[in-house]
Amino acid sequence: MHIEQALANQLRTRLQSLLRTRHLLLPTPAERPATSQLCSHIGGDPYFEAGESWPTNPETGQPLELIFQLVSLNGELLWPFEAQVVQFYHNYHWGELPYDDSYPADFQLKTYRRICPERQVLLPRPGLLPALAFTALHTQPAPSLPDDDELADLAPDVQALCEQLRPDDWRTAYHEAVTELAGEPDLGSWVGGYAQWLQGAYPTGNFWLQIDSTADFAWGDSGLLYFCVDGSDPATISFQLQSC
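Adding 879 to a residue's 1-based position in the sequence shown gives its number in this note's numbering.
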(Lines of atoms letter the chains of each structure in order from A and count residues from 1; the text may use other names and numbers.)
(Lines give C-alpha, C1' and ligand atoms only; values in the text may rest on other atoms or scores of the structure.)
Protein backbone atom coordinates (compact mmCIF):
# COMPACT_ATOMS: atom_id res chain seq x y z
CA MET A 1 0.00 0.00 0.00
CA HIS A 2 2.87 2.36 0.77
CA ILE A 3 4.37 1.81 -2.70
CA GLU A 4 0.97 2.31 -4.35
CA GLN A 5 0.44 5.60 -2.51
CA ALA A 6 3.91 6.79 -3.48
CA LEU A 7 3.18 6.03 -7.15
CA ALA A 8 -0.17 7.85 -6.91
CA ASN A 9 1.56 10.89 -5.44
CA GLN A 10 4.16 10.84 -8.21
CA LEU A 11 1.40 10.63 -10.80
CA ARG A 12 -0.51 13.54 -9.31
CA THR A 13 2.62 15.71 -9.14
CA ARG A 14 3.53 14.91 -12.75
CA LEU A 15 0.01 15.63 -13.99
CA GLN A 16 -0.02 18.97 -12.20
CA SER A 17 3.06 19.94 -14.21
CA LEU A 18 1.25 19.00 -17.43
CA LEU A 19 -1.91 21.02 -16.77
CA ARG A 20 -2.78 23.51 -19.50
CA THR A 21 -5.63 25.97 -19.78
CA ARG A 22 -8.17 25.48 -22.54
CA HIS A 23 -10.84 28.05 -23.35
CA LEU A 24 -14.17 26.36 -23.86
CA LEU A 25 -16.30 27.71 -26.72
CA LEU A 26 -19.83 27.54 -25.34
CA PRO A 27 -22.59 27.96 -27.95
CA THR A 28 -25.28 30.25 -26.59
CA PRO A 29 -28.42 30.93 -28.66
CA ALA A 30 -29.14 34.64 -28.60
CA GLU A 31 -30.92 37.32 -30.54
CA ARG A 32 -28.89 38.43 -33.51
CA PRO A 33 -27.21 41.72 -32.56
CA ALA A 34 -27.26 44.74 -34.85
CA THR A 35 -23.70 43.81 -35.80
CA SER A 36 -21.82 40.64 -34.91
CA GLN A 37 -18.61 41.44 -36.76
CA LEU A 38 -16.63 41.89 -33.55
CA CYS A 39 -17.76 38.85 -31.56
CA SER A 40 -17.21 35.10 -31.69
CA HIS A 41 -20.14 33.37 -33.33
CA ILE A 42 -21.74 30.96 -35.75
CA GLY A 43 -24.30 32.32 -38.19
CA GLY A 44 -23.48 35.99 -37.75
CA ASP A 45 -21.77 38.67 -39.82
CA PRO A 46 -18.05 38.10 -40.48
CA TYR A 47 -15.52 40.84 -40.00
CA PHE A 48 -14.40 42.23 -43.37
CA GLU A 49 -12.27 45.14 -44.43
CA ALA A 50 -12.63 47.51 -47.38
CA GLY A 51 -11.73 45.90 -50.69
CA GLU A 52 -12.56 42.35 -49.61
CA SER A 53 -15.26 40.08 -50.99
CA TRP A 54 -17.04 37.05 -49.55
CA PRO A 55 -14.79 33.95 -49.92
CA THR A 56 -15.73 31.64 -52.78
CA ASN A 57 -14.59 28.35 -54.25
CA PRO A 58 -12.26 29.57 -57.02
CA GLU A 59 -13.10 26.56 -59.20
CA THR A 60 -16.87 27.01 -59.10
CA GLY A 61 -17.45 30.59 -57.95
CA GLN A 62 -19.83 29.32 -55.26
CA PRO A 63 -19.69 31.20 -51.92
CA LEU A 64 -18.18 29.32 -49.00
CA GLU A 65 -20.05 28.98 -45.71
CA LEU A 66 -18.69 30.69 -42.58
CA ILE A 67 -18.34 27.78 -40.15
CA PHE A 68 -17.13 29.95 -37.26
CA GLN A 69 -15.59 33.28 -36.36
CA LEU A 70 -13.45 33.66 -33.25
CA VAL A 71 -12.50 37.07 -31.87
CA SER A 72 -9.77 37.65 -29.29
CA LEU A 73 -9.40 41.38 -28.73
CA ASN A 74 -7.13 41.17 -25.69
CA GLY A 75 -5.31 37.90 -26.31
CA GLU A 76 -7.70 35.95 -24.09
CA LEU A 77 -7.86 33.06 -26.56
CA LEU A 78 -4.72 30.98 -26.83
CA TRP A 79 -3.30 30.57 -30.30
CA PRO A 80 0.35 30.48 -31.35
CA PHE A 81 0.18 33.35 -33.83
CA GLU A 82 -0.77 37.00 -33.63
CA ALA A 83 -4.40 37.59 -34.59
CA GLN A 84 -7.52 39.23 -33.23
CA VAL A 85 -9.95 37.56 -35.66
CA VAL A 86 -9.94 34.02 -37.06
CA GLN A 87 -12.53 32.76 -39.55
CA PHE A 88 -13.04 29.36 -41.14
CA TYR A 89 -15.11 28.98 -44.31
CA HIS A 90 -16.06 25.74 -46.07
CA ASN A 91 -18.36 24.56 -48.84
CA TYR A 92 -20.66 22.86 -46.35
CA HIS A 93 -23.71 24.42 -48.00
CA TRP A 94 -23.26 21.82 -50.75
CA GLY A 95 -24.11 19.18 -48.18
CA GLU A 96 -20.52 17.95 -48.09
CA LEU A 97 -18.61 17.48 -44.86
CA PRO A 98 -15.24 19.12 -44.28
CA TYR A 99 -12.72 16.33 -44.18
CA ASP A 100 -9.16 17.65 -44.35
CA ASP A 101 -6.99 20.24 -46.02
CA SER A 102 -6.30 18.21 -49.18
CA TYR A 103 -8.63 20.29 -51.36
CA PRO A 104 -7.79 23.98 -50.83
CA ALA A 105 -10.59 25.14 -53.14
CA ASP A 106 -13.10 23.75 -50.63
CA PHE A 107 -12.14 25.95 -47.69
CA GLN A 108 -10.50 29.17 -46.59
CA LEU A 109 -9.07 30.12 -43.20
CA LYS A 110 -8.67 33.86 -42.71
CA THR A 111 -6.86 35.70 -39.93
CA TYR A 112 -6.64 39.40 -39.12
CA ARG A 113 -3.74 40.51 -36.97
CA ARG A 114 -5.56 43.66 -35.89
CA ILE A 115 -9.10 44.96 -36.12
CA CYS A 116 -9.10 48.28 -37.99
CA PRO A 117 -12.37 50.15 -37.33
CA GLU A 118 -11.61 52.66 -40.08
CA ARG A 119 -11.41 49.82 -42.65
CA GLN A 120 -14.29 47.67 -41.36
CA VAL A 121 -17.14 47.03 -43.81
CA LEU A 122 -20.30 44.94 -43.68
CA LEU A 123 -20.74 42.51 -46.58
CA PRO A 124 -24.20 41.01 -47.07
CA ARG A 125 -24.51 37.26 -46.81
CA PRO A 126 -24.68 35.73 -50.31
CA GLY A 127 -28.19 34.75 -51.32
CA LEU A 128 -26.96 31.31 -52.41
CA LEU A 129 -26.23 30.42 -48.79
CA PRO A 130 -29.08 29.17 -46.58
CA ALA A 131 -30.18 31.21 -43.59
CA LEU A 132 -28.51 30.28 -40.29
CA ALA A 133 -29.59 30.95 -36.74
CA PHE A 134 -27.21 33.21 -34.83
CA THR A 135 -25.26 31.47 -32.07
CA ALA A 136 -22.85 33.38 -29.85
CA LEU A 137 -19.69 31.59 -28.73
CA HIS A 138 -18.77 32.52 -25.18
CA THR A 139 -15.46 31.46 -23.65
CA GLN A 140 -14.75 29.89 -20.29
CA PRO A 141 -11.31 28.78 -19.03
CA ALA A 142 -10.94 25.19 -17.87
CA PRO A 143 -8.02 22.86 -17.08
CA SER A 144 -6.97 20.14 -19.50
CA LEU A 145 -4.65 17.15 -19.61
CA PRO A 146 -3.55 14.91 -22.50
CA ASP A 147 -5.87 12.37 -24.07
CA ASP A 148 -4.77 8.85 -23.18
CA ASP A 149 -4.33 8.08 -26.90
CA GLU A 150 -1.63 10.77 -27.06
CA LEU A 151 0.01 10.02 -23.73
CA ALA A 152 2.75 7.78 -25.12
CA ASP A 153 3.99 10.69 -27.26
CA LEU A 154 3.44 13.61 -24.86
CA ALA A 155 4.31 12.05 -21.50
CA PRO A 156 5.46 8.41 -21.67
CA ASP A 157 6.64 8.57 -18.05
CA VAL A 158 3.05 9.24 -16.96
CA GLN A 159 1.83 6.18 -18.84
CA ALA A 160 4.59 4.14 -17.19
CA LEU A 161 3.42 5.30 -13.75
CA CYS A 162 -0.17 4.30 -14.58
CA GLU A 163 1.00 0.91 -15.79
CA GLN A 164 2.73 0.37 -12.45
CA LEU A 165 -0.36 1.44 -10.54
CA ARG A 166 -2.74 -0.74 -12.52
CA PRO A 167 -0.89 -3.18 -14.82
CA ASP A 168 -4.12 -4.75 -16.08
CA ASP A 169 -5.86 -1.42 -16.88
CA TRP A 170 -3.56 1.60 -16.90
CA ARG A 171 -6.12 3.76 -18.72
CA THR A 172 -8.50 3.56 -15.76
CA ALA A 173 -5.73 4.69 -13.43
CA TYR A 174 -5.02 7.61 -15.76
CA HIS A 175 -8.68 8.61 -16.14
CA GLU A 176 -9.21 8.61 -12.39
CA ALA A 177 -6.19 10.86 -11.85
CA VAL A 178 -7.23 13.19 -14.68
CA THR A 179 -10.78 13.47 -13.37
CA GLU A 180 -9.49 14.45 -9.93
CA LEU A 181 -7.35 17.29 -11.32
CA ALA A 182 -9.19 18.48 -14.44
CA GLY A 183 -12.68 16.98 -14.34
CA GLU A 184 -14.19 14.18 -16.38
CA PRO A 185 -12.64 14.07 -19.88
CA ASP A 186 -15.21 15.14 -22.44
CA LEU A 187 -15.65 16.19 -26.04
CA GLY A 188 -16.64 19.69 -27.06
CA SER A 189 -15.27 22.89 -28.58
CA TRP A 190 -12.28 24.77 -27.20
CA VAL A 191 -9.11 26.70 -28.00
CA GLY A 192 -5.75 25.73 -26.51
CA GLY A 193 -4.90 23.05 -24.00
CA TYR A 194 -4.94 19.46 -25.24
CA ALA A 195 -7.15 17.77 -27.81
CA GLN A 196 -9.68 15.16 -26.81
CA TRP A 197 -9.53 12.82 -29.78
CA LEU A 198 -12.66 11.06 -30.99
CA GLN A 199 -11.07 8.31 -33.09
CA GLY A 200 -7.42 8.45 -32.07
CA ALA A 201 -4.54 10.90 -31.89
CA TYR A 202 -3.41 11.99 -35.35
CA PRO A 203 -1.96 15.48 -34.81
CA THR A 204 -0.56 17.23 -37.88
CA GLY A 205 1.29 19.84 -35.83
CA ASN A 206 0.69 21.54 -32.49
CA PHE A 207 -2.94 21.23 -31.42
CA TRP A 208 -4.72 24.57 -31.65
CA LEU A 209 -8.50 24.10 -31.37
CA GLN A 210 -11.35 21.68 -31.85
CA ILE A 211 -14.92 22.40 -32.96
CA ASP A 212 -17.78 20.07 -32.10
CA SER A 213 -20.83 19.47 -34.26
CA THR A 214 -23.62 22.03 -33.86
CA ALA A 215 -27.27 22.27 -34.82
CA ASP A 216 -26.24 23.92 -38.09
CA PHE A 217 -23.08 21.94 -38.86
CA ALA A 218 -23.18 18.24 -38.06
CA TRP A 219 -19.88 16.54 -38.83
CA GLY A 220 -21.23 13.06 -39.44
CA ASP A 221 -22.43 11.33 -36.27
CA SER A 222 -21.14 13.49 -33.40
CA GLY A 223 -18.04 14.48 -35.37
CA LEU A 224 -15.40 17.07 -34.52
CA LEU A 225 -13.02 19.26 -36.52
CA TYR A 226 -9.45 19.41 -35.20
CA PHE A 227 -7.03 22.20 -36.12
CA CYS A 228 -3.25 22.11 -35.71
CA VAL A 229 -0.58 24.67 -36.55
CA ASP A 230 3.02 23.94 -37.46
CA GLY A 231 4.99 26.70 -35.73
CA SER A 232 3.76 30.25 -35.30
CA ASP A 233 2.51 31.02 -38.82
CA PRO A 234 -1.25 30.80 -39.43
CA ALA A 235 -0.48 29.80 -43.02
CA THR A 236 0.61 26.40 -41.66
CA ILE A 237 -2.77 25.57 -40.10
CA SER A 238 -4.17 22.16 -41.04
CA PHE A 239 -7.44 20.54 -40.07
CA GLN A 240 -9.07 17.14 -40.05
CA LEU A 241 -12.47 15.68 -39.32
CA GLN A 242 -13.11 12.73 -37.02
CA SER A 243 -16.59 11.25 -36.80
CA CYS A 244 -18.29 8.08 -35.65
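Backbone N, C-alpha and C fix where the C-beta goes; we use that ideal spot for every residue, glycine too.
Check: Pick helix, strand or coil for E955, following the three-state DSSP scheme.; Outcome: coil
Check: Return the CA-CA distance between A929 and H902, expressed in angstroms with no decimal places.; Outcome: 31 Å
Check: Under the DSSP definition of a beta bridge, which residues are partnered with V964?; Outcome: V950, Y991
Check: List the endpoints of the continuous beta strand (DSSP E) containing H902.; Outcome: 899-908
Check: Note down the Cα distance separating L943 from D924, rounded to an integer number of angstroms.; Outcome: 14 Å
Check: Return the CA-CA distance between G1062 and P1022, expressed in angstroms with no decimal places.; Outcome: 8 Å
Check: Can you give the beta carbon distance from L1044 to A1052, rounded, assuming they're within the 8 Å contact cut?; Outcome: 4 Å
Check: Check whether the region 907-915 touches the region 1062-1082, taking contact to mean three or more Cβ pairs, one atom from each stretch, closer than 8 Å.; Outcome: no
Check: For L1007 and T935, I'd like the C-alpha separation in whole angstroms.; Outcome: 11 Å
Check: Residue range of the beta strand (DSSP E) that V1103 falls in?; Outcome: Going by the sequence as given, residue 1103 is Leu instead of Val. It spans 1103-1108 - the beta strand (DSSP E) in which L1103 sits, taken as one unbroken run.
Check: Could you tell me which whole beta strand (DSSP E) segments of length 3 or greater appear in the region 963-1038?; Outcome: 964-969, 986-991, 1014-1023
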